[in-house]
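The structure appears below as structure tokens.
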Amino acid sequence: MFSLSLFGAEPRYIRRARAYLQEARMAVLEHTIAAEHYQASAEMYAERARRLEDEIAHWEARKSGPVVVDPVQEIATKFAVPNRLESTPQPVLGAAPASVGIVRAA
């Protein structure tokens, strides 16, 4: 029988395994990128929900009666930018927790 190691060639199944390994590594990279994108989107929508809840609560507080509001404090809270690492959306009482699903490629 002809020896493949004589010429330094690899068997076909090893070449195929290397191709599958490269494909798997690319899939890991693609899914990692997608996960980062979806995590950023989830954080953005959580921040949006928090801002909308604050706006609704502010409107309901004004609707229920006159409220003494410090204009400097109101402007400071309106334009405050939270630290991305420390900001966590506060749960709303009586509301179901937000669910984050896993998206899988076909």
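Quick note: our numbering has the sequence shown finishing at residue 120, numbered continuously throughout.
Glycine residues also receive a C-beta, built at the ideal position from the N, C-alpha and C atoms.
Simplified DSSP state of residue i, which is helix, strand or coil
i: E57; result: helix
i: A38; result: helix
i: E24; result: coil
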